[in-house]
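Undergrad: Okay, so the sequence shown: first residue is 536 according to this note's numbering, each after it adds one. All C-beta atoms, glycine included, are put in the ideal place defined by N, C-alpha and C.
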Amino acid sequence: MTDFSQTDIYTDVSLVDDPWAYFEYLRDQGPIARLPHRNVLAVTGFEEALAIYADTASFSSVNAVTGPLPDLPFSPNGDDIARAVADYRPQIPFGLEVAGLDAPLHGPMRSLLMPLFTPARLKAMAPKFRAVADELIGRFPASGSVEFIGDYANPLATLIITELLGIPAEDRPIFLEAFGQGTPAEIGASVADIANNPLVAMGMRIAGYIAERRAEPREDLLTQLALSRFPDGSEPTLEEAARVACFLFGAGQDTTVKLLGNSLRLLAERQDLQAKVRAEPTRVPDFVEEMLRYEGSIRASHRLCQRSTEVCGYPIQAGTTVWIANLAVNRDPRRFADPNTFDMDRPKLREHLAFGRGTHTCAGAPLARAETRLSLELLLERFATITVDEGRHGPEGARVFHYENSYVLRGLSELHLRLEEAR
Ligand code: HEM
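1. With a threshold of 16 other CB atoms inside 10 Å of the CB of Glu583, please say whether the residue is buried or exposed.
2. Comparing the CB of Asn861 with every heavy atom of the ligand HEM, is any distance shorter than 7 Å?
3. Suppose the cutoff is 7 Å on Cβ atoms and the five residues either side in sequence are ignored; what does the same chain contact list for Ala777 look like?
4. Assuming Arg805 and Leu944 form a contact by the criterion Cβ under 8 Å, report the distance between their Cβ atoms to the nearest whole angstrom.
5. DSSP on Phe710, reduced to helix/strand/coil?
6. If you measure from the CB of Cys897, is any heavy atom of the ligand HEM nearer than 7 Å?
7. Between Phe594, Leu954 and Leu913, which lies nearest to Ala666 when the distance is taken from Cα to Cα?
8. To the nearest angstrom, how far is it from the Cα of Asp520 to the Cα of Gln541?
9. Kindly examine the ligand HEM and report whether one of its heavy atoms sits closer than 7 Å to the Cβ of Gly891.
10. Quick check: what's the CA-CA separation for Asn896 versus Phe890?
11. Taking the Cβ atom as the reference point for each residue, do Val633 and Val857 lie within a distance shorter than 8 Å?
12. Please check if any C-beta of chain B sits within less than 8 Å of the C-beta of Ala780.
13. Only counting the same chain, and skipping five residues up and downstream in sequence, which positions put a Cβ closer than 6 Å to that of Gln852?
14. List the endpoints of the continuous alpha helix (DSSP H) containing Thr907.
15. Measuring straight from C-alpha to C-alpha, what distance separates Met879 and Leu651?
16. Considering only the beta carbon of each residue, do Ser910 and Ala668 sit closer than 8 Å?
17. Excluding five sequence neighbours on each side, which residues of the same chain lie with their C-beta closer than 8 Å to the C-beta of Leu550?
18. Does the beta-carbon of Pro662 have 16 or more other beta-carbons within 10 angstroms, so that it is buried, or is it exposed?
19. Does the region 792-800 come into contact with the region 673-689, if we say contact requires no fewer than three beta-carbon pairs (one atom in each stretch) closer than 8 Å?
20. Taking all protein chains shown into account, decide if Glu754 is buried (16 or more other Cβ within 10 angstroms of its Cβ) or exposed.
21. Hey, Gly946 and Val792 are a contact pair by Cβ (cut 8 Å); roughly how many whole angstroms apart?
22. What distance in whole Å lies between the Cβ atoms of Gly893 and Tyr588, which are believed to be in contact at a cut-off of 8 Å?
23. Just to confirm before moving on: does the CB-CB distance between Ile684 and Leu952 stay below 8 Å?
24. Taking a contact to mean a Cβ-Cβ separation below 8 Å, would you say Gln841 touches Ser593 in this structure?
25. Is any non-hydrogen atom of the ligand HEM found closer than 7 Å to the C-beta of Val857, if you look at the structure I gave you?
26. On a Cα-Cα basis, can you pick out the residue from Pro628, Ser680 and Ser596 that is closest to Gly642?
27. I'd like to confirm something about Phe782: is its beta-carbon nearer than 7 Å to some heavy atom of the ligand HEM, or not?
28. Are Val823 and Arg908 touching if we call contact CB-CB under 8 Å?
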């Protein structure tokens, strides 16, 4: 048996492809367990994760994206470090992004986002999303061999968000290039790499679009964002509006790509499941929901304890990083019967925490669901068989799959499929 007692989740690449035994090791220590490095507590319990998401007074989101890397720019002292968190926020990577903000800054920024993903808007955009997916599928090689992540999932996620926002068609290749590479929260990345991601490079360009639309409004979402107001009626600065738009790429790109990849891998591996969903396409939403629980695309999210507290009886000192292992929480046997089995007939399919919970619940969840459902429906309709390319991943029983080298994401770096067109 592997000895995990000194494992450092932020540097150890051996957990990337297969984290499951490590999660069980942590669970054996309890639903909240101390890790040996960086003053981090790992949360694998569902109730405990819910309690932490709900307690925004004790837990700050300032480190939500990158956790304890790099070190905090101050030394936490005492039982209440909320003042220092607020003062040093601009120096913490992603601390000023909507996902990193706390009350009272968070609500107004989030309010700019929420009108963007209404059911009515997603419904209106559905034909355009379908056209994007159709075009990508139309470019699949005639041989039937597809590298699903690069040939479909990656460009789909970028093109759909550029379509939704109204990024000019001629600029889309720049976005495809910027978001088609790099790994968020990469294990072993330098501090500079953590802070310097495609969002920074694209920020200026997006600020330019917002400025143009303030001067000359158009019929698109960037205009809606450009002209939006905070709940108190004040106008967001150019930087604030651009930051929100830009963050959508960061939050919605790799997460959706990886969910698509995880879903296709399972469908290709489990022909029984594929046959079941093919026979009943109305079950695609249930498949997606159980996929989010079984192997969602967020490995973990973080919080910084800013006021010493207790969670379900476990004392937590201010200054401690909490690593909420969403993948493990979604397989907590105290919450989910037979948690390691994929069962799209289980009750309360939407109970999982793949999109987090509470004030920071994923703002783009309706879009992520729509993109994934649409893709599965189209692929199952267009291709009579979807199988794993054994020449690339090996035969059944001896498959090799590689996952993205990230401590926040869970998803394949490549997925080679064989697709046979339906007649
Ligand atoms: C399968 C795909 C996705 C997954 C698994 C996912 C997961 C998550 C999770 C777990 C959080 C909460 C993080 C925390 O509490 O620290 C979050 C927040 C967020 N997500 Fe997603 N996400 C996905 C797709 C998207 C998409 C498509 C968009 C938009 C284009 C998006 C936009 C956001 C935003 C803006 C936030 C921050 C919300 C806030 O802090 O108020 N996400 N997401």
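TA: According to the structure data:
1. Counted from its first residue, the sequence shown places residue 583 at position 48. Under this definition Glu583 is a buried residue.
2. Within the sequence shown, the letter at position 326 stands for residue 861. Result yes, Cβ under 7 Å from the ligand HEM.
3. Walking along the sequence shown from the start, residue 777 turns up at place 242. So the list reads Gly738, Ile741, Ala742 and Ile745, once near-sequence residues are dropped.
4. Within the sequence shown, residue 805 is the residue found at index 270, counting from 1. Within the sequence shown, residue 944 is the residue found at index 409, counting from 1. About 23 Å; that fails the 8 Å criterion.
5. If you number the sequence shown from 1, residue 710 lands on position 175. Note: Phe710 maps to helix in three-state DSSP.
6. In the sequence shown, counting from the first residue as 1, residue 897 sits at position 362. Yes.
7. Start at 1 with the first residue of the sequence shown, and residue 666 comes out as number 131. If we check each option's Cα against that of Ala666, Leu913 comes out closest.
8. With the chain running from 536 to 958 in the structure shown, residue 520 is simply not present.
9. For this step, residue 891 is matched to residue 356 along the sequence shown. Flag set: Cβ of Gly891 near the ligand HEM.
10. For the purposes of this step, residue 896 is taken as residue 361 along the sequence shown, with counting starting at 1. For the purposes of this step, residue 890 is taken as residue 355 along the sequence shown, with counting starting at 1. The question names Asn, but residue 896 is Thr in the sequence shown. If I take the Cα positions, the gap works out to 6 Å.
11. Position 98 of the sequence shown, counted from the first residue, corresponds to residue 633. Position 322 of the sequence shown, counted from the first residue, corresponds to residue 857. Against a cut-off of 8 Å, the Cβ pair of Val857 and Val633 comes out as no contact.
12. No chain B is present in this structure, which holds just one protein chain.
13. The count along the sequence shown starts at 1 and reaches residue 852 at position 317. Cβ neighbours of Gln852 beyond the five flanking positions: Ser843.
14. Counting from one through the sequence shown, the residue named residue 907 turns up at place 372. First-last of the alpha helix (DSSP H) with Thr907: Ala900 to Arg917.
15. Here residue 879 refers to the residue found at position 344 of the sequence shown. Here residue 651 refers to the residue found at position 116 of the sequence shown. Cα-Cα distance, rounded: 29 Å.
16. Counting from 1 along the sequence shown, the entry for residue 910 is found at position 375. Counting from 1 along the sequence shown, the entry for residue 668 is found at position 133. In contact: Ser910 and Ala668 (Cβ atoms closer than 8 Å).
17. Within the sequence shown, residue 550 is the residue found at index 15, counting from 1. Thr542, Ile544 and Tyr557.
18. Here residue 662 is taken as the residue at index 127 of the sequence shown, counted from 1. Pro662 should be labelled exposed.
19. yes
20. As a working note, residue 754 is residue 219 in the sequence shown. Exposed.
21. Within the sequence shown, numbered from 1, the residue matching residue 946 stands at position 411. Within the sequence shown, numbered from 1, the residue matching residue 792 stands at position 257. Indeed they touch by this definition, with Cβ atoms about 7 Å apart.
22. One-based indexing of the sequence shown puts residue 588 at position 53. One-based indexing of the sequence shown puts residue 893 at position 358. Sure, about 4 Å apart at Cβ, within 8 Å.
23. Mapped onto the sequence shown, residue 684 falls at position 149. Mapped onto the sequence shown, residue 952 falls at position 417. Not in contact: Ile684 and Leu952 (Cβ atoms no closer than 8 Å).
24. Here residue 841 refers to the residue found at position 306 of the sequence shown. Here residue 593 refers to the residue found at position 58 of the sequence shown. Yes, the Cβ-Cβ distance between Gln841 and Ser593 is below 8 Å.
25. The residue you call residue 857 lines up with position 322 of the sequence shown. No, the Cβ of Val857 stays beyond 7 Å of every heavy atom of the ligand HEM.
26. In the sequence shown, the residue the question calls residue 642 occupies position 107. Closest by alpha carbon: Ser596.
27. On the sequence shown, position 247 is the one that residue 782 refers to. Yes, the ligand HEM has a heavy atom inside 7 Å of this Cβ.
28. Looking up residue 823 in the sequence shown gives position 288. Looking up residue 908 in the sequence shown gives position 373. The answer is yes: Cβ separation under 8 Å.
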